[in-house]
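Residue numbers for the sequence shown follow my numbering, so the first one is 2 and each next one is one higher.
Read through the structure below, which is laid out as structure tokens, and then see the notes.
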Amino acid sequence: YTFIGWTGTNGNIPQLNITIDHGSMGNKTYTANFDINSYTVTYKNGDNTYYTDIVEYGEKTTAPVTNPVKSHSYFSHWSLTVDGAAFDFDTAILDNTTLYAVFNTIEVPTITHTPTEWTNGNVTVDITSSHNDYEYAER
């Protein structure tokens, strides 16, 4: 919280300095007034800012609606460190925070093809891949 001033005998508008007149008599009542601090949560995709969220002290941030993209990769999670563990979105924000996009690389398959038959200008090819779950179509 940030102190914004005193209210009370001096009125309802917070004032940083209160002057009590010399010789003033009687009780005086003052209340300290504070504003809750807000913090910036910066979501980074590489060196670029992807999204920014402003969060009051002790509140939680919400992940962006859409995930960032990166060539030959798929988005995994947000982290407090580059390539670190997943951020827990139930964590209260207590200071300016940076979250980094973590990606998993899509493994590029090794594809080999061997011509097996040549007939009338057409070729038959056997295709093998390091990924049995990939499907290949003729072009």
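Cβ coordinates follow ideal geometry from the N, Cα and C atoms, glycine included.
Please read these numbers as outputs of a predicted model, since none were measured by experiment.
request  = Would you mind listing the beta strand (DSSP E) stretches within the region 73-104 that are 3+ residues and don't spill past its ends, in chain order?
outcome  = DSSP runs (the beta strand (DSSP E)) wholly in the region 73-104: 74-80.
message = Let's test the definition: count the other Cβ atoms within 10 Å of the Cβ of residue 104 and tell me whether it reaches 16, buried, or not, exposed.
response = It counts as buried.
ask   = Ordered along the chain, which non-local residues of its own chain (more than five positions away) have a Cβ less than 7 Å from that of residue 41?
value = Cβ within range, chain order: 53, 55 and 97.
query = Taking Cβ positions, are residue 95 and residue 88 nearer each other than 7 Å?
reply = Against a cut-off of 7 Å, the Cβ pair of residue 88 and residue 95 comes out as no contact.
message = Could you give the first and the last residue of the continuous beta strand (DSSP E) run that contains residue 36?
response = Segment 31-36, the beta strand (DSSP E) holding residue 36.
ask   = Leaving out the 5 sequence neighbours to the left and right, which residues in its chain are closer than 8 Å to residue 2 when beta-carbon positions are compared?
value = Closer than 8 Å at Cβ, skipping near neighbours: 35, 36, 37, 38 and 58.
message = Which of the three DSSP states is assigned to residue 54 in this structure?
response = In the three-state DSSP reduction, residue 54 falls in the strand class (E or B).
key: Contacting residues, own chain, Cβ-Cβ under 7 Å from residue 4 (five flanking each side not counted)   = Same-chain partners within the cutoff: 33 and 35.
query = If you draw a straight line from the alpha carbon of residue 85 to that of residue 119, how long is it in whole angstroms?
reply = Rounded to whole angstroms, the separation of the alpha carbons of residue 119 and residue 85 is 53 Å.
request  = Give me the Cα-Cα distance between residue 90 and residue 50, rounded to the nearest whole angstrom.
outcome  = About 19 Å.
N-terminal and C-terminal residue of the beta strand (DSSP E) that residue 46 is part of = Counting along the chain, residue 46 sits inside the beta strand (DSSP E) bounded by residues 39-46.
inquiry  = Tell me the residue span of the beta strand (DSSP E) that contains residue 122.
reply    = Looking at the DSSP string, residue 122 is not in any beta strand (DSSP E), and its letter there is neither H nor E.
key: Local conformation of residue 127 per DSSP, three classes   = It is a strand residue.
ask   = Apart from the five residues just before and just after residue 129, which ones in its own chain have a Cβ nearer than 7 Å to its Cβ?
value = When the five nearest sequence neighbours on each side are left out, the beta carbons in the same chain lying within less than 7 Å of the beta carbon of residue 129 are those of 113, in order along the chain.
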